[in-house]
Every structure is written in structure tokens, then in C-alpha cells.
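What follows is a short report on a single structure.
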Amino acid sequence: MSALPKVELHLHLEGAAPPSFIAGLAKEKNLDISGIFDARGQYRFTDFSHFLKVYEAATSALQTPEDYARLTRTVLEESAQSGVVYSETFLSPDFCGGREVGAWREYLHAMREAADQAERQMGITLRGIVTCIRHFGPEKARETALCAAETAGDWIVGFGIAGDERIGAPKDFRWAFDCAREAGLRLTAHAGEWGGPDSVRAAVRDLGVERIGHGVRAIEDLALVDELAEKGIVLEVCPGSNVALGLYRSFRDHPIHELDRRGVKVTVSTDDPPFFHTTMAREYEELHRALDWDEGQFRRIARQSLDAAFCDADTRARIG
Ligand code: ADE
Ligand code: ZN
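The opening position of the sequence shown corresponds to residue 1 in the UniProt record's numbering, with each subsequent residue numbered one higher.
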């Protein structure tokens, strides 16, 4: 499955940091975050709330633009090994630059340089989606949106929201999304992971997003499934993440196949691969094993993903 060309639309840069990478940085900085690792050095968490805490503790080891450059390189090497040719990655000024535009620009410059080098050497293209964090609240999201608007262009191509979907409501973040839209950014929001169909409806209605991160719980309301299909809303589905976090018992129980069958534009991504012991190649292998997806299906999904990418048409044409 590694040989098939893959397009990934939903990957959190910090969430893709291998635990050994984070442990190495923590050691360099004399930071004790040993509690986030298990005896084998893997990330250790019990549920989604705990996952978010472990995630934030891991990001505390990422302190400089140089750390982010090294992280970008490490993540792209792993993705390229899985056969990923295009990756759209969530970048969070909350973690790099602290939402201050000047500092954010320095982090961005470091990530972009590392990505450009990886593209020349490994043939993988990266683009960024600036992402606010829902449980940090609307005020911080405004500052994040201003960082996004200031740096919108051919490399920062989108704006999104991640974090705890159980806190607040999409309409609280309308200002941030309007600001990003006016700057020319394309929009996506995490929804329908820890919230049900109403959460997906609210993200589409109140934020005007064209893609939904996860969105899988739309399956609990078939009228909504039809609406998503009709409107052409794209779901960034991360089956391994959903199974690892206990949303579904197995790939076989996952609704991706049914959503696809009902005409929703589904795509496949990893979310936070080392946290969920996955890679893009592994997602494909599991989908093949559990749902009998074949090469034709995977090629169709990769095409659908590239069509839904936020990059410009020239970049898309060069990849596809
Ligand atoms: N941030 C990183 N991974 C996430 C997930 N699965 N849901 C919401 N926010 C996240
Ligand atoms: Zn996510």
C-alpha cells in the first residue's frame, strides 16, 4: 500500500511528532514530561480529554522555530515513506509563536523552508491550514485568525478549528472564520467527532466551511448525510484515529464506507499518527482488510482528496 500515491488533508503537525522526537527535545531542554509516555516510550492517554492534555504537554517541548523546522522535516519523511505526495497540515499559532504575528511569521518561515527542502528531496508537497483551538475560546481564535489573515497566500491556504468540540458552539467563532474568509482562506472545522449531527449542521451553517474534520457522526442522521452529499461538503475522515479514541470498535464498524456509498465526498487521513499508532499506509491496509477497498477505490479517493485540496490549481495540476 505504500506505493499508491496518497493525498492527506487532515494532519496536525504537532500531533504527528514521534514520541522519541518529543522526548529528545524535552531532554535537550531539561523539561520533565516523562508522564506522557508509557514504558515503551509511546504516548499514554486514557480518553479524548486526557489525549488533549498529553498533546499539549508534548507541544511544550517545541519551543523554537528551529524545533518546528526539525519537526516538519521528520513528519514529511514519515509521510513520504507512506506514499503521501501532498499533505495539508494543521498549524497552530497557539503553540508556535503564541498568536503574536511577528513570532508566528518566524515559525512559519522555518516550517516553510523545511517543507521546500523536503519537496526538492522527497517529492512531497506541504501546505498549511492555520488552526484555532476550540477549548481555548473565541478571543484567542480571533488572534489566531489575524495571524492566518496576515500570512494567507500560496502556502497558508486554509483556516480551521480543532480541539474539544464539546465546548462552546461554532457561532462563537464566526468572527474568526469571517476574517479568514475575507483574507482568501478556505475553511474547514472539526465537527461530528465528539458532537452528533447537530454539531456538523452548526459548523456548515454558522461557519460556512466547505470541509469538515471527521464529520463521521453525520451518519446518525441520514437527512444530514443527503445534505452533505448534495452540497458537496468534503469529510476529512480519520478512521484509525476514531477507532483508537473509542468512537468505533473497529475499522469494520466505521461508517466511512456507508458515507461514501451514500454519495458523501470522503477522504482518508491520519490526524495524529504516532498517538494512534497509524500511518497513511496503515490506514489503507486496514481499509483494504476490513472493507475490501481495492486499488481502484483508493485511486478514486486520492483523486477526490486532491480535488478538495485548498492549494491553487497550478499546484494541484503539478501533483495530479
Ligand atoms: N487535535 C488533534 N487531534 C484532534 C482530534 N482528533 N480532535 C480534535 N482536535 C484535535
Ligand atoms: Zn484532527
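Note that the Cβ used here is the ideal one computed from N, Cα and C, for glycine as well.
None of the values given here were measured: they were computed from a predicted structure.
Selected residue, minimal CA-CA separation from Leu-228, among Ala-203, Lys-29 and Val-243: Ala-203
Residues that Thr-131 bridges to, as DSSP identifies them: Gly-160
Inter-stretch contact at 8 Å, needing at least 3 Cβ pairs: the stretch 215-225 / the stretch 13-33: no
His-12: CB within 7 Å of a non-hydrogen atom of the ligand ZN: yes
Enclosing beta strand (DSSP E) for His-190 [first to last residue]: 186-191
Three-pair Cβ contact test at 8 Å for the stretch 128-147 versus the stretch 166-177: yes
Simplified DSSP assignment, three categories, for Val-243: helix
Cβ-Cβ distance between Ala-148 and Ala-180 below 8 Å: yes
DSSP-derived helix/strand/coil call for Ile-319: helix
Ordered list of beta strand (DSSP E) runs contained in the stretch 227-291, each at least 3 residues: 234-237 and 265-268
Where Asp-47 falls, given that 16 or more other Cβ within 10 Å makes a residue buried: exposed
Beta carbon of Val-85 nearer than 8 Å to that of Thr-125: yes
Those residues which DSSP pairs with Gly-153 across a bridge: Paired residues: none, contrary to the question.
Leu-52 and Ser-269 closer than 8 Å at C-beta: no
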